[in-house]
Amino acid sequence: MRTGQTHLFVPGPTNIPERVRQAMNVPMQDMRAPDFGELTLDLFDGLKRVLRTERARVFMFPGSGTGAWEAAITNTLDPGDRVLMARHGQFSTLWAQMAERLGLEVEVVDAPWGAGVPVKEFARRLGADREGRIKAVFVTHNETATGVTSDVAAVRRALDECFHDALLFVDGVSSIGSIDFRMDDWGVDLAVTGSQKGLMLPAGLGILGVSEKAMAASETATMRRAYFEFADMVKMNAGGYFPYTPPTQLFHGLRASLDLIFEEGLDAVIARHRRLAEGVRRGVQAMGLELVAEHPSLYSNTVSAIRVPPEIDAREVIGAAYSRYNTSFGSGLARLDGRVFRIGHLGDLNEGMCLTALSVAEMALAEAGMQVDFGRGPAAAMSWFTGAAEAPELRV
Ligand code: PLP
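According to the UniProt record's numbering, the sequence shown is numbered sequentially starting from 1.
Here is the structure:
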C-alpha cells in the first residue's frame, strides 16, 4: 500500500504545479469557435519570450519533442542533404538515427558520453567544407541522458567564423524554460522542445521556434511531410486555429504555466534551477559519487546523471527507491543502463524536494548494497541552500 506523496524525480515528465493542473480542468470547447484565438494567440507570444526571440515564429504541434525533431528536419531540408551531428548521449544518438531514417546524409562526430558537443571538431569540419555541402548543424543543448549542457553560442561562433551558412538546429527539450537559452542571440534557426519538462505540463505538445531563415528554407525544402507541414500551420495559426484537433486542455495549462514562469521571472527561474542543481550535485558528491558529466563547465542544471560504484547495480537503486520509497529516479539509458541513475531537478521544484531526492537516494543506495554514511548528501545540500557553503565558480 502506497501512502503519502509519490515523488517524481525523472527529468521529464516533471511535476505539474497545482495551478496548472487546475487550469486544465475545464470543459471541452469548440476549437472552431469565433473566440478560440483568444486562448491560443497569446501563447505564441509567451513561448517567444521563453525562447528569447522576437523574430522567430513559434509552432505548437500536437505531439512530443520527437515529433518536433521530425518537423524541424522535414520542413527545412532536402532528401540527401548533408548534416553535421554529434553523438554523446542517448538523445543526440536518437536524433542522428532519425535524420538517417529520414534520408539525410549524416556526418556524425562521436564523442564520449559525458562530453559536450565537440565544438572544435565541428569548427574544423565546417571550416573544411568550402563548398557549403553541410546544410545543417545539430546541437543537443542539454543531453538528458548524461546530464551535460553544451555551449550553443560557441557553435554559432564556429559557424560565423568560417562564414558558414548551415542552419543551426538545437534540441532544447530539457533546457528551454529551465536553463539559459537565447534563440536570437545565438542565431538558432530551429529550436525544439516539448511541453513536459521546463514548461511543467503533461506531454502532448511538440514546440518549435523557427527563425526567418529557416522559414524561408521551408518554402523550398523538398523532404516529404504531411502532418508536420509548417505552411498548413501558418495558415490556420493566423487566427489562432489549427489544421487538426488541438489539445485544448494543454493550452489552458500552458497559459497557467507561462503565467507562473513570468510571475517568478524567467531569469529567476533559471537562477533557481542553477541553485537547486548545485545543491543536488554537492549532495551527490558528498555521498562519494561521481557525475557522468566530464567537467563542471558541462554540468546540467536540469538533470544529474550519477554513476554508482562498480559493485552496485543502478537498477536496484532505482527499484528500491520506487518500491520502498515511492520515488522515481531516471534510469541509465542505453550503454549507461545499470551504471547510472538520474535525478531530474527541473520544473516545479524547491529545496525541500531536492533534500528528499538526496535522502531517498542514500536509502536506496544502501538497499542496493552500498556502504552509506547516512545524511552526508542532504547535509551538503543544506549547507549550500542555507548559504553556509561557498559558491562555486560561475559557469562562463
Ligand atoms: N530530446 C531530449 C534532450 C530529451 O530529453 C527528450 C526526452 O526526454 C527528447 C528529445 C524526446 O522528447 P519526447 O519524449 O517528448 O518525444
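Virtual Cβ for every residue (Gly too), placed ideally from N, Cα, C.
Residues of its chain near residue 247, where Cβ-Cβ distance is below 6 Å and the 5 sequence neighbours each way are ignored: Stepping through the sequence shown from its first residue, residue 247 is reached at position 247. Here the set comprises 62, 204.
Coarse secondary structure for residue 397, derived from DSSP in three states: In the structure as shown, the chain begins at 1 and stops at 396. Residue 397 is therefore absent and cannot be evaluated.
Buried or exposed (CB count within 10 angstroms, at least 16 for buried), residue 120: On the sequence shown, residue 120 is found 120 positions in, with the first residue counted as 1. If you draw a 10 Å sphere on the C-beta of residue 120, you find fewer than 16 other C-beta atoms in it, and that means exposed.
Residue 341, enclosing alpha helix (DSSP H) - first and last residue: Residue 341 sits at position 341 when you count from the first residue of the sequence shown. That residue, residue 341, is in no alpha helix (DSSP H); its beta strand (DSSP E) goes 340-344.
Ordered list of alpha helix (DSSP H) runs contained in the stretch 158-234, each at least 4 residues: Runs of the alpha helix (DSSP H) inside the stretch 158-234: 212-220.
Meets three-Cβ-pair contact criterion under 8 Å: the stretch 256-273 and the stretch 188-203: Taking a cut-off of 8 Å for Cβ pairs, the stretch 256-273 and the stretch 188-203 touch, as three or more such pairs fall below it.
First and last residue of the uninterrupted beta strand (DSSP E) at residue 280: In the sequence shown, residue 280 corresponds to position 280, counting from 1. For residue 280, there is no enclosing beta strand (DSSP E); the residue is found in the alpha helix (DSSP H) stretching over 266-286.
Cβ neighbours of residue 281 in the same chain (closer than 8 Å, five flanking residues each side left out): Translated into the one-based positions of the sequence shown, residue 281 becomes position 281. Once the five neighbours on either side are set aside, the close Cβ partners of residue 281 are 291, 299, 304.
Bridge-paired residues (DSSP) for residue 305: Working through the sequence shown from its first residue, we reach residue 305 at position 305. Under DSSP, the beta-bridge partners assigned to residue 305 are 342.
One or two residues paired with residue 315 in a DSSP bridge: By 1-based counting over the sequence shown, the position of residue 315 is 315. The beta-bridge partner set that DSSP reports for residue 315 is empty.
Proximity test, residue 91 beta-carbon vs ligand 1 heavy atom, cut-off 6 Å: Mapped onto the sequence shown, residue 91 falls at position 91. Flag set: Cβ of residue 91 near ligand 1.
Buried or exposed (CB count within 10 angstroms, at least 16 for buried), residue 156: Translated into the one-based positions of the sequence shown, residue 156 becomes position 156. It is buried - the Cβ of residue 156 has at least 16 other Cβ atoms within 10 Å.
Burial state of residue 216 (16 or more Cβ within 10 Å): The sequence position of residue 216 within the sequence shown is 216, counting from 1. Exposed, because fewer than 16 other Cβ atoms sit within 10 Å of the Cβ of residue 216.
Proximity test, residue 151 beta-carbon vs ligand 2 heavy atom, cut-off 6 Å: By its list of ligands, the structure shown excludes ligand 2, since it contains just ligand 1.
Stretch-stretch touch, CB-based, cutoff 8 Å, three pairs: the stretch 354-365 with the stretch 261-270: No: the two stretches stay apart, fewer than three of their Cβ pairs being nearer than 8 Å.
heavy atom of ligand 1 below 6 Å from residue 193 C-beta: Indexing the sequence shown from 1 puts residue 193 at position 193. It does not: the Cβ of residue 193 is nowhere closer than 6 Å to a heavy atom of ligand 1.
Simplified DSSP state of residue 361, which is helix, strand or coil: In the sequence shown, residue 361 corresponds to position 361, counting from 1. Of the three classes helix, strand and coil, the one that applies to residue 361 here is helix, per DSSP.
Run of the alpha helix (DSSP H) containing residue 98, from where it starts to where it stops: On the sequence shown, residue 98 is found 98 positions in, with the first residue counted as 1. Unbroken alpha helix (DSSP H) run through residue 98: 90-101.
Three-state secondary structure (DSSP) of residue 52: Position 52 of the sequence shown, counting from 1, holds the residue named residue 52. Residue state, collapsed to three classes: coil.
Proximity test, residue 65 beta-carbon vs ligand 1 heavy atom, cut-off 6 Å: In the sequence shown, residue 65 corresponds to position 65, counting from 1. True, at least one ligand heavy atom lies under 6 Å from that Cβ.
Own chain partners of residue 132 with C-beta closer than 8 Å, once the 5 adjacent residues on each side are dropped: Residue 132 sits at position 132 when you count from the first residue of the sequence shown. Taken in chain order, the residues that qualify are 164, 165, 166.
C-alpha gap between residue 306 and residue 387, whole angstroms: Sequence index remark: in the sequence shown, residue 306 carries index 306 (1-based). Sequence index remark: in the sequence shown, residue 387 carries index 387 (1-based). Pairing residue 306 with residue 387, the inter-Cα distance amounts to about 24 Å.
Nearest-angstrom Cβ-Cβ length linking residue 46 and residue 365, presumed shorter than 8 Å: Here residue 46 is taken as the residue at index 46 of the sequence shown, counted from 1. Here residue 365 is taken as the residue at index 365 of the sequence shown, counted from 1. About 41 Å; that fails the 8 Å criterion.
Close-in-space but distant-in-sequence residues of the same chain around residue 315 (CB under 6 Å, 5 per side omitted): As a first step, residue 315 is located in the sequence shown; it is residue number 315 there, counting from the start. Apart from sequence neighbours up to five positions away, the residues of its chain that approach residue 315 with a beta-carbon distance below 6 Å are 338, ordered along the chain.
The stretch 234-253 in contact with the stretch 12-29 per 3-pair CB rule at 8 Å: Cβ pair count under 8 Å is three or more, so yes.
Those runs of the beta strand (DSSP E) which lie wholly inside the stretch 22-69 and span at least 3 residues: Qualifying beta strand (DSSP E) stretches, in chain order: 57-63.
Rounded separation between residue 126 and residue 87 - CA only: Start at 1 with the first residue of the sequence shown, and residue 126 comes out as number 126. Start at 1 with the first residue of the sequence shown, and residue 87 comes out as number 87. When rounded, the distance between both Cα atoms is 17 Å.
Counterpart residues of residue 7 in DSSP-defined beta bridges: The count along the sequence shown starts at 1 and reaches residue 7 at position 7. In the DSSP secondary-structure assignment, residue 7 is bridged to 327.
beta-carbon residue 180 near ligand 1 non-hydrogen atom, thresh 6 Å: Position 180 of the sequence shown, counted from the start, is the residue given in the question as residue 180. Every heavy atom of ligand 1 is 6 Å or more from the Cβ of residue 180, so no.
Check: residue 173 C-beta below 6 Å from any heavy atom of ligand 1: Translated into the one-based positions of the sequence shown, residue 173 becomes position 173. Residue 173 has its CB nearer than 6 Å to a heavy atom of ligand 1.
Close-in-space but distant-in-sequence residues of the same chain around residue 389 (CB under 8 Å, 5 per side omitted): Here residue 389 refers to the residue found at position 389 when the sequence shown is read from its first residue. Closer than 8 Å at Cβ, skipping near neighbours: 282, 380, 383.
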